[in-house]
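Each residue of the sequence shown is one higher than the last, beginning at 227 in our numbering. Using N, Cα and C, we set each Cβ at its ideal position, and we do this for glycine too. Keep in mind it's a predicted model, so treat the numbers as computed, not measured. The structure under discussion appears below in the form of structure tokens.
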Amino acid sequence: MKATLGLATMAMVAASMLAVGCGKKGGNAQNGASLYQAHCASCHGTSGLGDGPAGVPLGATNLTDPAMHARLTDEQMAERIRKGGTKMPPNPALDDRQIADVVAHVRTLRR
Ligand code: HEC
227 MKATLGLATM
237 AMVAASMLAV
247 GCGKKGGNAQ
257 NGASLYQAHC
267 ASCHGTSGLG
277 DGPAGVPLGA
287 TNLTDPAMHA
297 RLTDEQMAER
307 IRKGGTKMPP
317 NPALDDRQIA
327 DVVAHVRTLR
337 R
């Protein structure tokens, strides 16, 4: 009985570790795609080229640029989205989960 309980506990711990691990691994790009269209595309363009109507005059970054992807870690990108940049506004309405999803989507824009 004790052994069974121990095993069950271990299985539960392993399962929760797996769940946390998955969360760390990155966001859901599909969910991120709709968040991106709502919060980012006006500046960065629907396909990330930086050609959104509000982004052109600001010089919004081309998010398809492989050099940008190589330079920024997921954490750095998340931080930029959270806090904004010099001309990019912050995104206080997005929680960490949503920001991770947006980062996952932005990674798919790389060309
Ligand atoms: C109002 C226009 C605007 C919106 C909306 C906007 N950005 Fe930006 N973004 C910019 C501009 C301009 C820059 C480059 C200068 C700066 O950092 O302000 C930039 C830079 C970036 C960079 C590059 C940072 C670097 O270090 O090179 C990333 C990544 C980025 N934006 C992602 C996003 C994402 C994801 C969203 C949506 C959650 C978003 N942006 C929304 C204007 C915008």
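State yes or no: is the C-beta of Pro315 nearer than 7 Å to some heavy atom of ligand 1? It does: the Cβ of Pro315 is within 7 Å (strictly closer) of some heavy atom of ligand 1.
Rounded C-alpha distance that separates Cys326 from Ala304: The displayed chain sequence assigns Ala, not Cys, to residue 326. If I take the Cα positions, the gap works out to 7 Å.
8 Å CB neighbourhood of Gly276 in its chain, flanking five on each side removed: Cys269, His270, Val282, Gly285, Ala286, Thr287, Asn288 and Leu289
If I'm right that Leu330 touches Gly253 with Cβ under 8 Å, what's the distance once you round it to whole angstroms? Per the sequence shown, residue 330 should be read as Ala rather than Leu. With a Cβ gap of about 4 Å, Ala330 and Gly253 count as contacting.
Let's see if you can read the secondary structure: which residues bound the alpha helix (DSSP H) around Cys269? Ala267 to His270
Less than 8 Å between the C-beta atoms of Arg323 and His295, yes or no? no
Can the beta-carbon of Ala255 be found closer than 8 Å to that of Thr312? no
Report the three-state DSSP secondary structure of Lys313 (helix, strand or coil). coil
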